[in-house]
Each structure stands twice: as structure tokens, then as C-alpha cells.
Ligand code: HEM
Ligand code: SF4
Ligand code: SF4
């Protein structure tokens, strides 16, 4: 694309922000430059430099907006904080717009509730339109749209993984615990992140055990086509990709005749399903309900239908609220119900819930190993401190991206702290026929 | 010189007020008509009523800022509350608030004492608050690095208005309330240029011109945050 076309495309797209949605326009026109967002941002905490200042990042787009859309910007230019777009800046943008984790902590404390993640996503969308999405991210989206999952795993690999989990569970409990696949008419359709099948599969075993104990082993299913709720269209700012990926799952749920789509431990997947797709009715009215597996399990624990042997989880355990679950979906108590029921020593980190600090790998950054130094030494610094303060030796978190970031972070900083999911701890302590699992290490 | 005086004292006020009203209304209207899907942050108010209450809390108490930056919250809250107080106090210059207060049972001395006491204190407090806001803006890297000319100018303009206002109250030169009131009454009733004698007071002239300048630029500046705040919090707090 020629430079002129590039310029026109970007400028037009920024100009169009004045036509909404309201957040876009308000965020372009409403900032008093008070610096509060910087003091609550995990990235700026890690390194207090102008480049990482949220208001500055947003100003990259605001300056162009002012130049083209405001009277003061047209009249006074730079003096009124207005500057025209220079295509030479795009390369810099590729870095900068992937240095915000989209955690939305800024919006919690800004006197006007300005959510910089919205503008970060806009910046990424501009890049995506120009084919400038960073290589790692672009690859994940492509694989995901081609194969239905972000790991690019085929049906055979999925089935092999499930077989392995069933064997593991039989070893642990001495009874057969099923993980049904492609069962039409089952009420519950479990949609985990693929990581919870292929990388840290304990959570999926935990869910299977819950259904087993409840005597509902025949009433739930997984899908051999759709076993990864992760959806990177959210992260690259490409709405088309996000919807296309989402549609696969909604169609599959309809195909299966599901009554309840049971989302797994993956923050952004649940957020897209619940807070975006369902709320704004992307595909019209749905024949099924959407809940999270932690809500489901926590209810059963509160009803007294599940029992645990806490001695199986002796070590101090803390919970990291994934931003997408805590801040963006309000799922905060359910994981705590599960962890307090299954762990002997559960500890809070502070602040927590909606105020929690991001792991440093949100917004898809966790998948980008090309910026690992940034993630280890800047965006993850606050999280590391928070975890250390708890004295916990196991950090539980309900998100594959958080898990990847935290595992790398703790290893990088030479901490002997294990990272895992919520149903993982449940899986180790839940009583099946009166007995908890005979624990052995998983590979 | 008389022409300048006429333009500034007899024309600018009208222009400023009209520009303020039209531009503010226009900008708020353009915000209001946009589609606004909510992007809820939790914990969130449970229903519409709780949401409205939350917006009020944000606007009156700066609730979010209280959690984010306690020091700025202190500076900014005092600044805004005193600003409001001063705004109310200025009504006495425009209209005969005295007679209303008197029917409510206040003596002329009591009114004078209140104006002198509360008004005088307000003038000092807001000057201090403005200086603190400016100092903070220059001293803290996270604020300085995002500060543009407009941000500094806004504070300097406000500062200049405050200083000239205080000069009239505390300065040696006598400030003629009756004459000034007459001047504004004439402006308000489109009564021509009588009462322009008030403009002979140079300090008043500067104070007034800067104030109308401020009023005129508000709808084009970040100070319109007082209108936007009623939209932005809803975006992230509504279910
Ligand atoms: C309704 C809720 C309001 C909130 C939460 C709010 C919040 C703030 C904040 C956080 C600042 C930043 C201080 C700084 O760092 O410089 C500020 C500045 C300011 N506000 Fe407000 N404000 C509100 C309403 C108003 C109103 C009604 C006015 C009246 C016109 C006003 C006038 C100003 C002015 C003149 C400044 C200083 C401008 C500057 O620093 O450039 N605000 N406000
Ligand atoms: S906290 Fe809000 S108003 Fe303050 S600088 Fe950040 S975005 Fe702007
Ligand atoms: S979304 Fe998170 S990382 Fe991005 S600017 Fe806001 S606080 Fe910082």
C-alpha cells in the first residue's frame, strides 16, 4: 500500500471515532491529564517512563483526532495538543500498543472512568487493518480460525489428550471417570481454553470429577471441534476475526443442542461470550444459557453436594484474579469458594478482586515471547511483589494467559512457586466415593 | 481606548455567554446521541438507580479518584468545592442577593461579615489549591510528561482570575459593589453602556475580561469535563 493510502486510511478511521461508539469519542475529548491512570497502571509501575504512561499512549491517537476533528486543534495545532498522523510512526506503534495489557485498572481509578484499553484496542485495530499486527499475534489468530483452537491441535490430538486424562483419573481414584465428547443432547457443553486440555489439564479433570460426583457424567460434553474458548480477535482489535471465531462455538453449541454453555477457566473467553456476544446479541437470541464452570462448581459446594480432603492441599495457596474475570465480569467469589473448600491454607493477595493488579501478560501479551523482557522486568513487576507478600507457594488463577505469564515470571525471578488453575486444586482434594486422588506428579 | 473598553466591557460578555451556551450544548448533544454499549467494570452498581447514585458520587465526591490518588483527590476536591462556593458568591455581584438574605433575617452587617469572611477565605484557599495543582503538574514526572501548553494555560488563566479577584478584595483600591452591580444589571437587561464607570477600575476590568475569556473557551477545552463526567462513568459502570 502506498504511503498516501496508508495515511488516508488511518486518518479516516480516527476521524470516524467522533461518530461513536460513545466511549471512543468521549475518550478522545475527555482527559484532564491528572496522571492518576499512570499511578495505577501495572506497566507504568514497572517502569515510569513517558512511553508507558497510559494518557500518553492514548494521546498518540488523540493528537490526530484533535488535528482533524476539533476546532482548537485545527486552529492552534501543536499548541492545542494536535498533530497530524505520520506513517513513519507506525513502526513505533507496533511496540507501544502492545505494551498495554488491556487490564482496565486505569478505568477503575480515573476520575472520569476513562478506559485506556479501549484506545489500545483501537490502536491495534489500526495496525491490523494495515497488516501490521505483530507476527506472533497474527499467527495465533490465523491458526485459531483455521483449526478452531489457538494451539492448532487436530481432533486426533484432542482425543488422545482426553484419553490420557481419563486414564489419569482412573489411576487416581480407581474408578472410571468419563469425559464425554460430541454428545448431542447433553445439557452442559464445556468450553475450556485449549491449555486446560493440552498444557495444564488438571482443571479439566476437576470439572469431570465434579460431574462424576454429581452423577451427571452423561449429561455434559466437550466438543472435538471446539475445545478452545480463547479468541485473539479481542487482542488484535479485529472485530471480524473475533466474531468469526466466536461463531464456531455458538454454532457448535446449537448443533449439540446444549442448554448451558459452561465456559472454562479463561477470562477473556468468558468475557467475550457473556459480556459481548450475549449482551449485545451478536447472533440474535440464544437457545442456551452461558455460565462459568466456577459458578457451577461453587453453587454445588454451597449446596453441600461436594466434599473435600483439604489435607491434600497443605501448602499456602493464593488466588490471582484474572482482570477479565474480576474487573470485567465480576466473577470473584466463586473461585474463592472452591479454593477455600479444597485448600488448607488459602491467602488473599492485596489489593484483590476488581482492584487486582494485572499479571502483566493481559491483552494477549502473554503469548508474545518476543517481548518477554518487557513482561518479566516491567509489566509483571507489581504482580511479583504482590505474590511474594502472600508467602504462598502456589498461585491459583483461572486463566491460561495469566498462568503462562505467572509461570514465566516466577521462574525468571527464581521463585519456587507453583502456578495452576482453580479446578486443579479441587481435582486434588475432591472426594470421589469418599476418597481423594492418590496424588502423583503430572507431566 | 473607549472603543476597547466598549468591546471588552459591552460586547465580550455577550459573545462569551452565547458561545459558552451554544458550544457546550452542542458538544453535550453530540455526545448524548451516540450509541453507548456498556463496558461494565466490577464491582458495579446493581441497577439503574444505584448507577445514577454512583454517577452523583463521582461528580460530587470524586469517588474513583479517592481510591486512585488520595493527595490529588484532596487538592482537586477542595479546588472544586471552593470554585462552586465562589460561583455562588458572585451572584451577589450580579444581583441583589442582599435583599433576599435580609428578608430571611440576616442583618446588613452579618451579610458583609459573611462575604468578607467566607468570601475572603475562599479566595485564599482556591489560590493555594491552584498553586498546588500547578506545582504538582510541574513536579511529578507522570503528570509533567503528559502536560501540554493547554493544561498549563488553563491553570494560569484561572490563577490570574483568582489573583485579580483577591486584589479587589484585599487591595488598597476600593471596589464599588453598587456600581458593579449596576453595570451587570445593565448588561443583563441590554440597557446599553450605563454603569461603564465600573470599568474605570483597571483590576476589575482585567478580572472580568479574563473570566469571560475562560467562560468562552470552556466548551472547547478539557474543562468541559464537568459535562462529560455524567456520561463516562455510566459507560463503565452500567450493567
Ligand atoms: C463534576 C465533577 C468534576 C470532577 C470529578 C472534576 C475533576 C477534576 C480533576 C481531577 C481535575 C484535575 C486537576 C489537575 O490535575 O489539574 C480538574 C481540574 C479542573 N476542573 Fe474539574 N471536575 C469536576 C467538575 C468541574 C466543574 C463543574 C468545573 C467548573 C467549571 C471544573 C473546573 C475545573 C478546572 C477549571 C480545572 C483546572 C483545569 C486544569 O487543571 O487545567 N471542574 N477537575
Ligand atoms: S486518570 Fe483519567 S483524566 Fe487523569 S490522566 Fe488518566 S485518563 Fe486522563
Ligand atoms: S489497561 Fe491496564 S495496562 Fe493498559 S493503560 Fe490501563 S492500567 Fe495500564
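Protein chains in written order, with our numbering: chain A, 32 to 474; chain B, 91 to 329.
Note that beta-carbon positions come from the ideal geometry of N, C-alpha and C, so glycine has one too.
Task: Close Cβ partners of residue 465/A (< 6 Å) along its chain, the five nearest in sequence each way excluded - done: None.
Task: Whole-angstrom C-beta distance between residue 61/A and residue 315/B, which should lie under 8 Å - done: So it is a contact: roughly 6 Å between Cβ atoms.
Open item on the list: Is the beta carbon of residue 53/A closer than 9 Å to that of residue 126/B?
Closed with: Yes; because the gap between Cβ atoms is below 9 Å, this pair is in contact.
- [ ] Using a Cβ-Cβ cut-off of less than 9 Å, give me the residues of the segment 91 to 105 of chain A that come near chain B, in sequence order.
- [x] Within the segment 91 to 105 of chain A, the residues whose Cβ lies closer than 9 Å to some Cβ of chain B are 101, 102 and 103, listed in chain order.
Open item on the list: Judging by CA-CA distance, which residue of 141/B, 145/B, 114/B and 99/B is the nearest neighbour of residue 320/B?
Closed with: Closest option to residue 320/B, Cα to Cα, is 145/B.
- [ ] To the nearest angstrom, report how far apart residue 254/B and residue 76/A are at their CA atoms.
- [x] Between residue 254/B and residue 76/A, the alpha-carbon positions lie close to 41 Å from each other.
Open item on the list: According to DSSP, is residue 261/B part of a helix, a strand, or is it coil?
Closed with: Residue state, collapsed to three classes: coil.
Open item on the list: Just to confirm the assignment, what range does the beta strand (DSSP E) spanning residue 451/A have?
Closed with: Residues 449 to 451.
Open item on the list: Can you pull the chain B neighbours of residue 87/A, defined as C-beta to C-beta under 9 Å?
Closed with: Residues of chain B passing the Cβ test: 235 and 236.
Open item on the list: Between the alpha carbons of residue 261/B and residue 268/B, how many angstroms are there, rounded?
Closed with: So the alpha carbons of these two residues sit roughly 18 Å apart.
TODO: Taking C-beta pairs closer than 8 Å, name the residues in chain B that residue 357/A reaches, listed in chain order.
DONE: Near residue 357/A (Cβ distances below 8 Å), the residues of chain B are 132.
- [ ] Tell me, to the nearest whole angstrom, how far the beta carbon of residue 152/B is from that of residue 142/A; I am working on the premise that it is less than 8 Å.
- [x] Between residue 152/B and residue 142/A the beta-carbon gap is near 6 Å, inside 8 Å, which marks them as a contact.
Task: Interface flag, residue 129/B vs chain A, CB-CB below 9 Å - done: With its beta carbon less than 9 Å from one in chain A, residue 129/B belongs to the interface.
Task: residue 210/B at chain E interface by Cβ criterion, 9 Å - done: Structure shown: chain E not included; protein chains present are A and B.
Task: Residues of its chain near residue 298/A, where Cβ-Cβ distance is below 6 Å and the 5 sequence neighbours each way are ignored - done: Correct list, in chain order: 353, 355, 356 and 430.
TODO: Work out the CA separation of residue 365/A and residue 326/A for me, nearest whole Å.
DONE: Inter-residue distance for residue 326/A and residue 365/A is about 6 Å (C-alpha atoms, whole angstroms).
- [ ] Given a cut-off of 9 Å, decide if residue 228/B and residue 66/A are closer than it, judged by their beta-carbon atoms.
- [x] No.
TODO: Taking C-beta pairs closer than 8 Å, name the residues in chain A that residue 157/B reaches, listed in chain order.
DONE: Against chain A, a Cβ distance below 8 Å from residue 157/B picks out 139, 140 and 386.
Open item on the list: To be precise: take each residue of the segment 107 to 134 of chain A, compare its Cβ to all Cβ atoms of chain B, and keep it if any distance is under 9 Å. Which residues remain?
Closed with: From the segment 107 to 134 of chain A, only 107, 109, 110, 111 and 112 have a Cβ closer than 9 Å to chain B.
Open item on the list: Are the CB atoms of residue 167/A and residue 389/A within a distance shorter than 9 Å?
Closed with: Cβ distance not < 9 Å, so residue 389/A and residue 167/A don't count as in contact.
Open item on the list: If you follow the beta strand (DSSP E) that residue 349/A is in, where does it begin and where does it stop?
Closed with: Element bounds for residue 349/A: 347 to 351.
- [ ] Keeping to the same chain, check which residues put their C-beta closer than 6 Å to that of residue 289/A; ignore five residues upstream and five downstream.
- [x] 220 and 319, listed in sequence order.
Open item on the list: Does chain B have any CB closer than 9 Å to the CB of residue 67/A?
Closed with: Interface residue (Cβ-Cβ distance to chain B less than 9 Å): residue 67/A is classified as such.
TODO: For residue 220/A, name the three-state secondary structure that DSSP assigns.
DONE: DSSP places residue 220/A in the strand class (E or B) of the three-state scheme.
Open item on the list: Between residue 120/B and chain A, is any beta-carbon pair separated by less than 9 Å?
Closed with: It does; some Cβ of chain A falls within 9 Å.
Task: As assigned by DSSP and simplified to three states, the class of residue 431/A - done: If DSSP states are grouped into helix, strand and coil, residue 431/A belongs with the helices.
- [ ] Step through the CB atoms of chain A and report whether any lies within less than 9 Å of the CB of residue 326/B.
- [x] Yes - at least one Cβ of chain A is within 9 Å of the one on residue 326/B.
Task: Residues, ordered as in the chain, of the segment 367 to 381 of chain A that lie near chain B by beta-carbon distance below 8 Å - done: From the segment 367 to 381 of chain A, no residue has a Cβ closer than 8 Å to chain B.
Open item on the list: If you follow the beta strand (DSSP E) that residue 377/A is in, where does it begin and where does it stop?
Closed with: Residue 377/A: member of the beta strand (DSSP E) spanning 376 to 378, first to last residue.
Open item on the list: So that I know if they touch, is there some Cβ in chain B lying closer than 9 Å to that of residue 60/A?
Closed with: For residue 60/A, the answer is yes, since a Cβ of chain B falls inside 9 Å of its Cβ.
Task: DSSP-derived helix/strand/coil call for residue 252/A - done: Three-state DSSP puts residue 252/A in a strand.
TODO: Consult DSSP for residue 321/A and reduce its assignment to one of helix, strand or coil.
DONE: Correct three-state label for residue 321/A: strand.
Open item on the list: I want to see whether chain B comes within less than 9 Å of residue 49/A, judged by CB atoms only; does it?
Closed with: With 9 Å as the cut-off, residue 49/A counts as an interface residue toward chain B.
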